[in-house]
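Notes follow the structure.
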Amino acid sequence: MTPKIVIERVRADGVHVFLTTQGTIQLKGSPDAVAKWTPVVRDRKPELLTHLQGVAANDPAPDPAAQVADRLARGATQAMRSGTVPQGWNQPLLCEGCGAVPWGVAGTAVMCPWCWVRMDGLPVPRITGSGVMWG
Ligand SMILES: [Zn+2]
């Protein structure tokens, strides 16, 4: 299930909280962090769902997850995980989690497709003035 939108991030624990297109809550992060926060989310699920739906409804930004899902559906995931920058991703996206990474359009993001790669312990590229560097 592709998360619909990044709602909140608990930086100290590295947990990302998503409201999915199916209206459920999804956690992504290190196994320890997810294990720690899963019971908290379960206990307060109705309250958290209401909050997340309110935030999503008031988010004026275009749906970045739709763009992500579209690009990932084209096979970018495998390329990203094998150390390749998908074709056409040559613009700097300043991600709060990853730094300046290559993306289809320049911009900023709380989270990006490279975050999934990074959170799984794989290297992510950095885009610099002289090109792309991995590490
Ligand atoms: Zn990122």
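Using my numbering, the first residue of the sequence shown is number 1, and each one after it goes up by one. The beta carbon of each residue, even a glycine, is placed where N, CA and C say it ideally should be.
Measure the CB-CB distance between residue i and residue j and report whether it falls below 8 Å.
i	j	result
G29	M111	no
M136	P113	There is no way to answer for residue 136, as the model of the chain reaches only from 1 to 135.
W37	V15	yes
P92	A106	yes
Which value, in whole angstroms, describes the spacing of the CA atoms of residue i and residue j?
i	j	result
L27	C115	13 Å
L94	I25	26 Å
L48	A33	18 Å
N90	D43	43 Å
A109	F18	15 Å
Which residue or residues does DSSP assign as beta-bridge partners of residue i?
i	result
Q26	F18
V101	L93
M133	R126
So, under 8 Å CB-CB, residue i and residue j are touching, yes? Tell me the CB distance rounded to an integer number of Å.
i	j	result
G83	G104	Between G104 and G83 the Cβ distance is about 19 Å, and since that is not below 8 Å, they are no contact.
Evaluate the contact criterion for the region 88-100 versus the region 122-129: three or more CB pairs, one atom per stretch, below 8 Å.
A contact exists between the region 88-100 and the region 122-129.
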